[in-house]
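Enquirer: Residue numbers (the working numbering): 1 to 151. Just so it is clear, CB atoms sit at the ideal spot from N, CA and C, and this is done for glycine as well. Shown below is the structure under consideration.
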Amino acid sequence: MRRMAIRGSLLIVVLLAAGIGLAACGSSDQPAEQQSATSGGAQSAAPFAAGRYVAAKWTDGSLYLATVTAVDGDNVTVTYTDDGSSMTVPATDIREIPDMTFAVGDRVLAVWSGGRFYAGEVSKVDGTTYTVKWDDGSDPSTVEAGKIIAE
């Protein structure tokens, strides 16, 4: 009985040490995007390097396709692709456009018109282009990779 208690205590010490090591490394079961979103601080501006396409909020609260032109701490200056206007927004108002693939049935936000992202569902995949069935009932249209993000 005593030997089991010692073995159990050692196991707890090992698990605690492993947990501390993982915490120090920033490891978690959450994906990196969720870690930054749930860590209590603002999202790091690191993924928003100059020249990258992003989905950035405009004054109307909607996301629009934009190019990062400058990063200053937690503020990112972008140029919107639809009209060429520039604005500095908090990094928390920007969504990275990752290199990822989507499958039929995936819920997405995709550029439809005027550089604005609209909600829809992938109904067809053809290489690096996707046919999106729009939630508002508009006719489905083809969207290139790089202009589509997960909802």
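Is A91 helix, strand or coil by DSSP?
Expert: Looking at A91 - three-state DSSP - the assignment turns out to be helix.
Enquirer: Under 8 Å, do V150 and V108 count as touching if we go by C-beta distance?
Expert: For the record, residue 150 in the displayed sequence is Ala; it is not Val. Going by C-beta atoms, A150 is nearer than 8 Å to V108.
Enquirer: Do you know how far the Cα of D74 is from the Cα of R116?
Expert: Rounded to whole angstroms, R116 to D74 spans 23 Å at the Cα level.
Enquirer: Counting C-beta neighbours from all protein chains within 10 Å, is the total for S28 16 or more, i.e. buried, or is it exposed?
Expert: Here the model assigns S28 a pLDDT of 35, short of 50, so the residue's position is not dependable, and the following value carries that caveat. So S28 counts as exposed.
Enquirer: Any idea if A55 is buried or exposed, counting beta-carbon neighbours within 10 angstroms, 16 or more meaning buried?
Expert: Buried, because 16 or more other Cβ atoms sit within 10 Å of the Cβ of A55.
Enquirer: Considering K124, what are the terminal residues of the beta strand (DSSP E) in which it resides?
Expert: Note, K124: beta strand (DSSP E), R116 to D126.
Enquirer: Taking Cβ to Cβ, would you say V122 is nearer than 8 Å to V111?
Expert: Against a cut-off of 8 Å, the Cβ pair of V111 and V122 comes out as no contact.
Enquirer: Give the DSSP bridge partners of S96, in chain order.
Expert: The sequence as given places Glu at residue 96; Ser does not occur at that position. Beta-bridge pairing links E96 to V54.
Enquirer: Might you give, ordered along the chain, the residues of its own chain that have their beta carbon closer than 7 Å to the beta carbon of V68, omitting 5 neighbours on each side?
Expert: Answer for V68: F48, A49, A50, G51, R52, V54, V76 and V78, listed in chain order.
Enquirer: Between the C-alpha atoms of Y118 and D72, what's the straight-line distance to the nearest angstrom?
Expert: Cα-Cα distance, rounded: 29 Å.
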